[in-house]
Every structure is written in C-alpha cells, then in structure tokens.
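Visitor: Supplied in structure tokens, the structure appears directly below.
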Amino acid sequence: MIRTEGDMESKINDDKYSVILPTYNERRNLPIIIWLLARTFDQHQIDWEVIVVDDNSPDGTLEVAEQLQRLYGPHRIILRPRAGKLGLGTAYMHGLSTCTGAFTIIMDADFSHHPKYLPTFIALQRAHGLDIVTGSRYRPGGGVHGWDFKRKLVSRGANMLTYILLDPGVSDVTGSFRLYRTSILRELIQKTTSRGYVFQMEIIVRARSMGCRMGEVPITFIDRLYGDSKLGKDEILGFVKGLWKLFWTI
Numbered sequence: 001m002i003r004t005e006g007d008m009e010s011k012i013n014d015d016k017y018s019v020i021l022p023t024y025n026e027r028r029n030l031p032i033i034i035w036l037l038a039r040t041f042d043q044h045q046i047d048w049e050v051i052v053v054d055d056n057s058p059d060g061t062l063e064v065a066e067q068l069q070r071l072y073g074p075h076r077i078i079l080r081p082r083a084g085k086l087g088l089g090t091a092y093m094h095g096l097s098t099c100t101g102a103f104t105i106i107m108d109a110d111f112s113h114h115p116k117y118l119p120t121f122i123a124l125q126r127a128h129g130l131d132i133v134t135g136s137r138y139r140p141g142g143g144v145h146g147w148d149f150k151r152k153l154v155s156r157g158a159n160m161l162t163y164i165l166l167d168p169g170v171s172d173v174t175g176s177f178r179l180y181r182t183s184i185l186r187e188l189i190q191k192t193t194s195r196g197y198v199f200q201m202e203i204i205v206r207a208r209s210m211g212c213r214m215g216e217v218p219i220t221f222i223d224r225l226y227g228d229s230k231l232g233k234d235e236i237l238g239f240v241k242g243l244w245k246l247f248w249t250i
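FYI, the numbering for the sequence shown is 1 to 250, going by the UniProt record's numbering.
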C-alpha cells in the first residue's frame, strides 16, 4: 500500500512521531532499522509511523519495504517511492507531504543513526519545548566510528567553516539525525533552495535565523553497516557553494 498526499489525515496527531527514511539500495539494512525503531517506540509507548522514500533502488529495497509493511501494518510503514534519485532534500519533502505526526524525525536507513538515542531526543524536546533536536557527533560524549582521517577532516572542516561564517547555533550542521516539530519543518522546507547534503546545513542556518529553539544530543555515528557511502565530490562542492550563497543571503 502506497500513501498519497490525499491520504494524509486532516488533523496532525499531537502524540505521534513520524520517521522519514530515504532509501537507495538499503535492502539489507531496512529490516534492521525498522525493527529497532519499532522496538524503541513500543518500549517507550510512543505512537509512531515510518515513511520509506525509496528512489527506485535496483537491489529490491522497495519489495523488502512492502514485506515490512505487511508485517507491521500500513498504519506503521508508509511507502512513498519515487522514479529515481532526486536528491536528499527532495526525499524529505516527499516524505513530509504525508507525515501525520506532530514531530518528524529524519535519519539514515543504513544503521549509521541508532534509534536508541530517540528517547533522549524526545525527552529533551518535551522538557524544553524545542522546535528542533539534532544529534551531534561533536558534543562531549559524541563521536564517529568507521571513517578514515580524510572524511573526518572534511566533516570537521565543513562544520568549523559554517560555525565561523554563519553561527548556526549547533555544533553539527552536516549531520542528518534530527527531530523537528513538523509544522516548523514544513516552513523551513519552503524556504530552502538547496538539494543534496547541503540541505542539512541550510535548514539549520535558516532555523537559527527564524529564531527556532534548538537543542543537541551527543551521538556516536557508526559508518554504514552494508553498502557504500553516497557522499562524493559533487556533494562536497555543493556544500561549499551553498555555504557561500547563504553567507551572502542570510
């Protein structure tokens, strides 16, 4: 069963959390991450749904997602497939169009982001009425495993450069493990102009300029369990161009 925009509930459920999982060749990872999400939410008695946005994966990811939907139910696993790879930012937009939770979580499906941190995200948001909670690899207690020196240097450099030029208000602007108030995320997405991995940086910078209340949770990032990293030279170049553009426009 594939949900369309017209199927979205007329009223957002204030107690539900929607998870958007963009996928491309995640056939082996998807069952693991879905099981972990379901167990985490159910153990903490949190209402949830997972929206799988698959970009026409040739490895059969969508077929696996359909099996998981039959297992967990169409009210838990929502399918929003696309015709091809159209960028990470547009994948979030596509999934967001059918979210029914008052809060939306974005994370990777490749096991780099462990659902065990989500109860802490949610507790921090509830305690302080935050609009955004972001997982940080660079707060005390956070870290990265599985990256070589070059990739660590690129990530650190990107965050440091963004901090110097734009003062984003958080320590990790390139991470993609975040909890948003859904209404805020919709507004932010309408303002963003970038696509791909620069989307993560732009949306935080724009959130800061809008006065959004943000908090951070230290996380340990584990490089993907199966498959290859999708970060390449084009994404890095796009990030630098996007940073420069935001410096002159915000």
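Glycine included, every Cβ here is placed at the ideal spot set by N, Cα and C.
Apart from the five residues on each side of it in sequence, which residues of its chain come closer than 6 angstroms, Cβ to Cβ, to MET93?
Guide: For the purposes of this step, residue 93 is taken as residue 93 along the sequence shown, with counting starting at 1. Same-chain partners within the cutoff: ILE189.
Visitor: Can you name the start and end residues of the alpha helix (DSSP H) that GLU63 belongs to?
Guide: As a working mapping, residue 63 is identified with position 63 in the sequence shown. Element bounds for GLU63: 61-72.
Visitor: Along the chain, which unbroken stretches of the alpha helix (DSSP H) at least 4 residues long are found entirely within the region 161-196?
Guide: If we require 4 residues or more, the alpha helix (DSSP H) runs fully inside the region 161-196 come out as 182-191.
Visitor: Would you mind working out which of ARG39, GLN125, PHE221 sits nearest GLY143, comparing C-alpha positions?
Guide: Numbered from its first residue, the sequence shown carries residue 143 at position 143. Nearest of ARG39, GLN125, PHE221 to GLY143, Cα basis: PHE221.
Visitor: Who are the near neighbours of THR134 in its chain, counting only those whose CB is closer than 6 angstroms to its CB and skipping five residues on each side?
Guide: Start at 1 with the first residue of the sequence shown, and residue 134 comes out as number 134. Closer than 6 angstroms at Cβ, skipping near neighbours: VAL170, ARG178, GLU216.
Visitor: For LEU21, report the span of its alpha helix (DSSP H) as first-last.
Guide: Here residue 21 corresponds to residue number 21 of the sequence shown, with the count starting at 1. Careful: LEU21 lies outside any alpha helix (DSSP H), inside the beta strand (DSSP E) at 13-23.
Visitor: Note down the Cα distance separating PRO140 from GLY157, rounded to an integer number of angstroms.
Guide: As a working mapping, residue 140 is identified with position 140 in the sequence shown. As a working mapping, residue 157 is identified with position 157 in the sequence shown. The straight-line gap from Cα to Cα measures roughly 18 angstroms.
Visitor: How many angstroms separate the CA atom of TRP35 from the CA atom of ALA109?
Guide: By one-based count along the sequence shown, residue 35 stands at place 35. By one-based count along the sequence shown, residue 109 stands at place 109. Rounded to the nearest angstrom, the two C-alpha atoms are 12 angstroms apart.
Visitor: Using the C-alpha atoms, what's the distance from THR249 back to HIS44?
Guide: The count along the sequence shown starts at 1 and reaches residue 44 at position 44. The count along the sequence shown starts at 1 and reaches residue 249 at position 249. One C-alpha to the other measures close to 42 angstroms.
Visitor: Does the beta-carbon of THR100 have 16 or more other beta-carbons within 10 angstroms, so that it is buried, or is it exposed?
Guide: Residue mapping note: residue 100 aligns to position 100 of the sequence shown, counting from 1. When all chains shown are included, THR100 counts as buried.
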